[in-house]
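Worksheet: the structure to be examined is printed underneath.
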Amino acid sequence: MARAPKKKGKTGEAASYVTRNQAIKKLQVTLGDFRRLCILKGVYPRDPKKKAKGKDKTYYATKDILFLLHEPVLSKLRDIRAHKRKIIKAKSKKDFVLVEYLDKRKPFYLLDRLVKERFPTFTDAVRDMDDALSMATLFSNLPSTNLIQSKRTLNCRRLCLEFFNYVALSHSLRKVFLSIKGCYFQAEVQGQSVTWLVPYNFVQEVPPDIDYRVMMTFLEFYETQLHFINFRLYNTLGLKYPPQVDLQKSDANLGINAFLLEQISSEDPEATPAAPDAAKTVTAQKKASNGEKKQQQAKIKSLQEKMQDILENENESKSQEDVGEDINADLEDEEAEEEEQEQGTETLLFKKLKFFLSREVPRALLELMIKSFGGAVGWEGPGSPFPESDESITHQVVDRDTQRHMFLSREYVQPQWVADSCNAGLLLPVEEYGPGVCPPPHLSPFVDDEEEGYLPERRRFILSLQEKSKNHAGAFDDMPQDPAEGDEADAKMKDEDEEEEDEEEDEEVDAAEAQYQSELAKESGKEEAISAPKSTKTKKTKAEIEEERARMMMSKKDRRLYDKIMFAKERKRQRVQRLENKK
């Protein structure tokens with residue numbers, strides 16, 4: 001029998017995608033609700049190879065739309081739309097009592113389940129935290145308007161300050177870059193690199209040509225995500241969440257200094273919620289615990305006896321291989337401890353330093369940098385832990401050319417010195433960052449110089465300082481204390497000096513032989529001198545011929561790809577050459 005003809009658009013790739021209008025009709029929602037639902041669920045448009053309905057349409061996967069059909073948030077959006085109609089109808093009838101009643105009973109939805117659905121593990125949530133944190137810092141600096149409510153901006157500010165406080169407490173800040181847009185930060189949180197942008201604290205003007213409804217929908221999801229992440233991060237430090245806020249310090253705009261941190265205790269009723277019938281269950285638990293204690297004591301005694309027998313047998317049968325394994329394990333532990341100590345020295349760069357911030361510098365940004373690297377911070381204004389006249393201050397951060405009074409016991413630096421020192425992992429010389437001095441170039445720590453093919457002079461200078469600091473680090477840790485050890489060290493030093501002298505003598509002999517050969521070549525005539533460049537020319541031509549042959553053997557597709565790669569390399573080389581010529 002003949003096969004029935006296939007209907008167009010019912011099978012194949014055409015049936016795997018639907019247009020936006022078809023999806024809206026399928027879900028029976030408005031365009032705004034559909035956009036909000038897609039943002040919250042993480043559904044994005046697709047680009048199919050065969051566009052059955054035309055190239056000017058927006059397509060979505062059919063499976064994604066079917067997935068949205070059973071979403072509980074969809075029913076809540078319908079309830080909200082119906083609730084708005086009721087309010088409009090009550091206002092038209094001038095029934096203000098009903099309007100007030102409906103305003104108090106407005107339907108709402110929670111996004112906790114959606115966050116857990118989109119981020120199954122905590123590392124997934126931290127890995128996708130960059131956009132959420134940048135969006136929250138942006139809205140925390142925006143003024144309140146008809147579309148941007150003040151409670152949303154205050155909530156964003158609270159979430160950002162909570163995360164900044166965690167970064168300062170855990171010393172997890174790694175990179176800082178001061179740009180025109182704002183200050184870029186990068187922290188290492190739970191093994192993941194989190195990068196975000198903090199705008200400078202200026203008066204922001206809200207541009208009118210931006211669709212804030214879409215941004216507010218993204219912000220709605222990001223707030224819930226940041227709340228989950230902050231809760232987990234504070235628990236890892238053993239701190240209660242959310243932290244309490246000192247209202248006086250908060251009104252004084254002290255930022256992360258306004259938080260009152262409390263440790264999580266086992267007796268805390270908030271950490272361990274009490275049972276409904278606690279009075280009845282306490283006596284039963286005491287009776288059960290007495291019997292359990294006796295059983296546990298008997299088990300502990302039997303385990304201790306078994307452990308003693310095992311240790312005696314091990315001591316008798318322990319071989320040299322076991323001793324070698326123990327030594328290797330000890331060496332690995334020592335190496336791991338050394339790595340941790342090196343990392344700790346970088347993260348606690350400002351440990352024994354005290355900074356005072358003048359009123360013209362961005363206090364919140366510098367405070368985050370300094371506290372993340374273990375320094376103490378003071379400032380002009382209420383809430384400062386120490387005044388400007390404190391003699392124990394080591395550095396004062398200023399941004400004015402002239403100062404009214406300068407203390408001789410401290411260094412005066414510009415804000416760039418703090419950022420450059422954080423990126424370099426060492427305290428840079430302060431002479432180049434003094435008041436009124438043009439500071440050196442501020443290099444971005446996010447640029448890979450090897451990939452770019454150009455190493456700036458400032459980077460070379462910082463690398464040389466890092467090498468010197470590594471060579472000098474721990475120079476006096478291995479000094480011998482016993483005289484016998486001192487004699488051995490002196491003997492080793494003598495042997496090393498003798499070896500260096502022998503190497504220098506060999507180098508002098510080689511140099512003399514090379515000079516003698518060059519003089520013989522000059523006396524023999526110009527024939528050998530002329531023949532040398534000819535051989536290099538033949539070598540170059542051979543290399544070019546081999547390269548051309550290899551290119552001819554390539555397919556057309558590979559040849560085009562090869563030409564693009566060579567063109568990119570040449571353009572990169574020319575750019576580096578232009579930078580070198582500008583010096």
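Start counting the sequence shown at 1; every next residue gets the next number (UniProt numbering).
Backbone N, C-alpha and C fix where the C-beta goes; we use that ideal spot for every residue, glycine too.
{"Query": "With distances taken Cα to Cα, identify the nearest neighbour of leucine 169 among Val214, Asn155 and Asn230.", "Result": "Asn230"}
{"Query": "Out of Lys25, Asp33, Leu40 and Gly54, point me to the one whose CA is closest to alanine 14's CA.", "Result": "Gly54"}
{"Query": "Can you round the beta-carbon distance between phenylalanine 139 and arginine 152 to whole angstroms, since I take them to be within the 8 angstroms contact cut?", "Result": "7 angstroms"}
{"Query": "Can you tell which of Tyr454, Pro107, Lys542 and Glu548 has the C-alpha that lies nearest to the C-alpha of asparagine 581?", "Result": "Tyr454"}
{"Query": "To the nearest angstrom, how far is it from the Cα of phenylalanine 259 to the Cα of arginine 78?", "Result": "40 angstroms"}
{"Query": "Would isoleucine 210 be called buried (16 or more neighbouring beta carbons within 10 Å of its own) or exposed?", "Result": "exposed"}
{"Query": "Can the beta-carbon of leucine 147 be found closer than 8 angstroms to that of arginine 213?", "Result": "yes"}
{"Query": "How about isoleucine 256 and glycine 238: do their beta carbons lie closer than 8 angstroms?", "Result": "no"}
{"Query": "Can you pull the DSSP bridge partners for tryptophan 379?", "Result": "Leu357"}
{"Query": "Taking only runs of the beta strand (DSSP E) that begin and end inside the segment 111 to 180, which ones reach a length of at least 3 residues, in chain order?", "Result": "173 to 178"}
{"Query": "Can you say whether alanine 4 is buried or exposed, counting buried as having 16 or more other CB atoms within 10 angstroms of its CB?", "Result": "exposed"}
{"Query": "How should arginine 551 be labelled, buried or exposed, when 16 other C-beta atoms within 10 angstroms of its C-beta is the threshold for buried?", "Result": "exposed"}
{"Query": "Around the Cβ of tryptophan 196, are there at least 16 other Cβ atoms within 10 angstroms (buried) or fewer (exposed)?", "Result": "buried"}
{"Query": "Roughly how many angstroms separate the alpha carbons of proline 440 and glutamate 432, rounded to a whole number?", "Result": "7 angstroms"}
{"Query": "For glutamate 223, is the classification buried or exposed, using 16 other Cβ atoms within 10 angstroms of its Cβ as the cut-off for buried?", "Result": "buried"}
{"Query": "Are there 16 or more other CB atoms within 10 angstroms of the CB of arginine 85, so buried, or fewer, so exposed?", "Result": "exposed"}
{"Query": "When burial is assigned at 16 or more other CB atoms within 10 Å of the CB, is cysteine 438 buried or exposed?", "Result": "exposed"}
{"Query": "In this structure, does DSSP put glutamate 188 in helix, strand or coil?", "Result": "strand"}
{"Query": "Skipping 5 residues on each side, what residues in its chain have a beta carbon closer than 7 angstroms to that of isoleucine 462?", "Result": "Ala424"}
{"Query": "Can the beta-carbon of tyrosine 59 be found closer than 8 angstroms to that of threonine 19?", "Result": "yes"}
{"Query": "Buried or exposed: tyrosine 101, going by 16 or more other Cβ atoms within 10 Å of its Cβ?", "Result": "exposed"}
{"Query": "May I ask which residues mark the beginning and end of the beta strand (DSSP E) holding valine 73?", "Result": "Per DSSP, valine 73 belongs to no beta strand (DSSP E); it is in the alpha helix (DSSP H), 72 to 92."}
{"Query": "Spatial neighbours of aspartate 401 within its chain, please: C-beta separation below 8 angstroms, excluding the five flanking residues on both sides.", "Result": "Pro435 and Gly436"}
{"Query": "For alanine 125 versus glutamine 225, is the C-beta distance shorter than 8 angstroms?", "Result": "yes"}
{"Query": "For the beta strand (DSSP E) that glutamine 22 lies in, which residues bound it at each end?", "Result": "That residue, glutamine 22, is in no beta strand (DSSP E); its alpha helix (DSSP H) goes 20 to 27."}
{"Query": "Since I believe leucine 366 is in contact with leucine 357 (beta carbons under 8 angstroms), could you give me their beta-carbon distance rounded to a whole number of angstroms?", "Result": "6 angstroms"}
{"Query": "Can you tell me whether DSSP reads alanine 61 as helix, strand or coil?", "Result": "strand"}
{"Query": "Using a 10 Å radius around the Cβ and a threshold of 16 neighbouring Cβ atoms, would you call asparagine 235 buried or exposed?", "Result": "exposed"}
{"Query": "Using only CA atoms, which one of Ile87, Val397 and Gly375 lies nearest to arginine 410?", "Result": "Val397"}
{"Query": "Kindly indicate which three-state DSSP category leucine 239 falls into: helix, strand or coil?", "Result": "strand"}
{"Query": "By how many angstroms is the C-alpha of aspartate 449 removed from the C-alpha of lysine 468?", "Result": "21 angstroms"}
{"Query": "For aspartate 563, does the count of other Cβ atoms within 10 angstroms reach 16, so buried, or fall short, so exposed?", "Result": "exposed"}
{"Query": "Where does the unbroken alpha helix (DSSP H) through glutamine 416 begin, and where does it stop?", "Result": "415 to 424"}
{"Query": "Compute the Euclidean distance between the alpha carbons of lysine 106 and leucine 178, then round it to the nearest angstrom.", "Result": "44 angstroms"}
{"Query": "Taking 8 angstroms as the threshold, find out whether the segment 189 to 207 comes into contact with the segment 128 to 136 through three or more Cβ pairs.", "Result": "yes"}
{"Query": "Report the three-state DSSP secondary structure of phenylalanine 202 (helix, strand or coil).", "Result": "coil"}
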